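Colleague:
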Amino acid sequence: MKWAVLPVLAVAAASCATGAGVTEVTGPAGEAAPGATTAGAVDTATSTPSTTPTTTTTSTTTTSTPSSTTTSPTTTSVPALAEAGPLVVDDEGVPVNGQTRGVVVHPDGWLLPVLGTAGDAWSVWTPCGRQAVVERGTYLSHVDVVVDPGHGGDREPGAVGPGGTRESDLNLAVARRLVDRLRVRGYEAVVTRPGDVRLPIVTRAEIALALRPAANISIHFNAGIDAPHAGPGTETYHQLDDPGSRRLAGLVQEGLTEALGGLDGVRWVGMSDAGAMARPDREGRDYYGVLRRPAGVTSILVEVGYLTNPGEEALFGRPETQELVAATLADAVDTWITDPTAAGSGFTDDPIFRGYGPSGAGGVDRCEDPPL
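Numbering-wise, the sequence shown is residues 2 to 373 according to this note's numbering.
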């Protein structure tokens, strides 16, 4: 593997409006700006979940219709960071994961993994995997949960239902609701993409690595199967070599099949082996980049149901169903963190071979960075 370095793009972020529980920081000083909240500061080098949430400040209300932005998690104290070197990329021009520490939250909602300092500014990993300098933003060192809505943007809508529902939109709607649910419970949580935008898998993984959450959850809806199934055809994928990932996948699978299976009048479709499972690639690694790339961060990918099934498209398009899915996922995460004996169920240890095709647009080609 050959590595190279890329030049830095100098840009300046727009002014950041400070929200509840968020501290605006100008420049990467070794201490938080006056008024910064430091009680939630944690060691970002570990992803082991505690039995209680790390945050002490959270919203006390929730809504069945999430807005385009949600209250940001509490900002922790800003560590002293080293001067950033050039961004290291592989021989295909894709950044090498694991170069950042914490993120700067851009005023537009982008999470920009921090490579280090650049004078009085931040050197960051852009959404498209380039290096840039931003002068203002909100530094975030750690969260409990990263929620990653799959796909996004015109070039990567994911599955599209017969009625025109785009998977990327549905993923984001559920992800926002899940983040709201987790914050009400006292967990610090973030969404990887702020809207209907493309975010390469390598950047999604870097956000998880930079924030070192207890759990990293990728939300998807499936396509292509029309075989009747006795209940929801939910599939939850866990990492091959992480027992914590397997346990979380089992709790998610158990919760969703029970919650969705209790709904009346639904013609479910799915594969006969639907369950919680691992999926290796040709080399015996995790097939999905969102599970393989954030090595050391417990991650799962859930395919909630089949968007290409007309009945399920209508069902999952309803706000109350999205809220049910989000609440069930929040329950599973909470149980996983607070009860280490909860093992989950619905495991498929010998799944049907699903092929070695591409697992999504993981590269950075044809990716256009937003104004920063």
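Glycine included, C-beta positions come from ideal geometry on N, C-alpha and C. All values derive from a computational prediction rather than experimental measurement.
With a CB to CB cut of under 6 Å and the five nearest residues on each side skipped, what residues in its chain are close to Asp-446?
Modeller: No information on residue 446 is available, as it lies outside the stretch 2 to 373 that the chain covers here.
Colleague: Checking 8 Å against the spacing of the C-beta atoms, do Val-334 and Val-175 come in under that value?
Modeller: As a working note, residue 334 is residue 333 in the sequence shown. As a working note, residue 175 is residue 174 in the sequence shown. No, the Cβ-Cβ distance between Val-334 and Val-175 is not below 8 Å.
Colleague: Look at the Cβ atom of Leu-113, then the Cβ atom of Val-134, and state whether they are nearer than 8 Å.
Modeller: As a working note, residue 113 is residue 112 in the sequence shown. As a working note, residue 134 is residue 133 in the sequence shown. Taking 8 Å as the Cβ cut-off, Leu-113 and Val-134 do not qualify as a contacting pair.
Colleague: Could you check if Glu-168 is buried or exposed, using at least 16 other CB atoms within 10 Å of its CB as the buried criterion?
Modeller: As a first step, residue 168 must be located in the sequence shown, where it is residue number 167. That one is buried.
Colleague: Over what stretch of residues does the beta strand (DSSP E) that includes Thr-149 continue unbroken?
Modeller: Locating residue 149 in the sequence shown gives position 148, counting from the first residue. In the sequence under discussion, the amino acid at residue 149 is Asp, which differs from the Thr named in the question. Taken as a continuous stretch (DSSP letters only), the beta strand (DSSP E) holding Asp-149 covers 146-150.
Colleague: What is the DSSP secondary structure of Glu-84, counted as helix, strand or coil?
Modeller: Within the sequence shown, the letter at position 83 stands for residue 84. It is a strand residue.
Colleague: For the alpha helix (DSSP H) holding Met-216, just list the boundary residues, first then last.
Modeller: For the purposes of this step, residue 216 is identified with residue 215 of the sequence shown, where counting begins at 1. The amino acid at residue 216 is misidentified as Met; the sequence shows Ala. Premise fails: Ala-216 lies in the beta strand (DSSP E), 216-223, not in any alpha helix (DSSP H).
Colleague: I'd like the span of the alpha helix (DSSP H) that includes Ile-338, first residue to last.
Modeller: Position 337 of the sequence shown, counting from 1, holds the residue named residue 338. Note, Ile-338: alpha helix (DSSP H), 320-339.
Colleague: Looking at the secondary structure, which residues open and close the alpha helix (DSSP H) in which Val-198 lies?
Modeller: Residue numbering aside, residue 198 sits at position 197 when the sequence shown is read from its first letter. Annotation for Val-198: no alpha helix (DSSP H) segment contains it, and DSSP assigns it neither H nor E.
Colleague: Along the chain, where does the alpha helix (DSSP H) containing Arg-177 start, and where does it finish?
Modeller: As a first step, residue 177 is located in the sequence shown; it is residue number 176 there, counting from the start. Membership of Arg-177 in the alpha helix (DSSP H) is indicated by the continuous run 168-185.
Colleague: Bridge partners for Ile-301 per DSSP, in chain order?
Modeller: Position 300 of the sequence shown, counted from the start, is the residue given in the question as residue 301. Ile-301 is bridged to Ile-218, His-239.
Colleague: Let me confirm a value: Pro-295 is counted as buried when at least 16 other C-beta atoms fall within 10 Å, else exposed. Which label applies?
Modeller: On the sequence shown, residue 295 is found 294 positions in, with the first residue counted as 1. The residue is buried, with at least 16 neighbouring Cβ atoms inside 10 Å.
Colleague: Among Asp-92, Gly-151, Thr-349, Asp-91, whose alpha-carbon lies nearest the alpha-carbon of Phe-222?
Modeller: Locating residue 222 in the sequence shown gives position 221, counting from the first residue. Considering only alpha carbons, the answer is Gly-151.
Colleague: Could you tell me the boundaries of the beta strand (DSSP E) in which Val-387 lies?
Modeller: Summary: the structure shown does not reach residue 387, with the chain confined to residues 2 through 373, and so no result is reported for it.
Colleague: Inspect the beta-carbon positions of Val-303 and Pro-214 and report whether they are closer than 8 Å.
Modeller: Counting from 1 along the sequence shown, the entry for residue 303 is found at position 302. Counting from 1 along the sequence shown, the entry for residue 214 is found at position 213. No, they are not a contact pair.
Colleague: Quick one: what's got a C-beta closer than 6 Å to Pro-371's C-beta in the same chain, skipping five residues either side?
Modeller: Stepping through the sequence shown from its first residue, residue 371 is reached at position 370. No residues qualify anywhere along the chain.
Colleague: With a threshold of 16 other CB atoms inside 10 Å of the CB of Phe-317, please say whether the residue is buried or exposed.
Modeller: Within the sequence shown, residue 317 is the residue found at index 316, counting from 1. Classification for Phe-317: buried.
Colleague: Look at the alpha carbon of Gln-240 and the alpha carbon of Glu-259, and state the distance between them as a whole number of angstroms.
Modeller: Residue numbering aside, residue 240 sits at position 239 when the sequence shown is read from its first letter. Residue numbering aside, residue 259 sits at position 258 when the sequence shown is read from its first letter. Each residue's Cα considered, the two are about 23 Å apart.
Colleague: Closer than 7 Å by C-beta to Gly-251: which residues in its own chain qualify, once you throw out the five before and the five after it? Chain order, please.
Modeller: Taking the first residue of the sequence shown as position 1, residue 251 is located at position 250. Around Gly-251: Ala-277, Ala-344, Gly-345, Ser-346, Gly-347, Phe-348.
Colleague: Count the other C-beta atoms from every protein chain shown that fall within 10 angstroms of the C-beta of Val-26, then say buried if there are 16 or more, exposed otherwise.
Modeller: Position 25 of the sequence shown, counted from the first residue, corresponds to residue 26. The pLDDT assigned to Val-26 is 47, lower than 50, so where the model puts this residue is not dependable; a value taken from the coordinates is nonetheless given after this. It counts as buried.
Colleague: Given a threshold of 16 other Cβ atoms within 10 Å of its Cβ, counted over all protein chains shown, does Ile-353 qualify as buried or as exposed?
Modeller: Taking the sequence shown and counting its residues from 1, the one referred to as residue 353 is at position 352. Ile-353 comes out exposed.
Colleague: Kindly list the residues whose CB is nearer than 7 Å to the CB of Ile-226, restricted to its own chain and excluding five residues on each side of it in sequence; keep chain order.
Modeller: For the purposes of this step, residue 226 is identified with residue 225 of the sequence shown, where counting begins at 1. Gly-234, Val-270, Gly-271, Met-272, Tyr-307, listed in sequence order.
Colleague: How would you write the range of the beta strand (DSSP E) that Ala-206 sits in, first residue to last?
Modeller: Against the sequence shown, residue 206 aligns to sequence position 205. Premise fails: Ala-206 lies in the alpha helix (DSSP H), 202-212, not in any beta strand (DSSP E).
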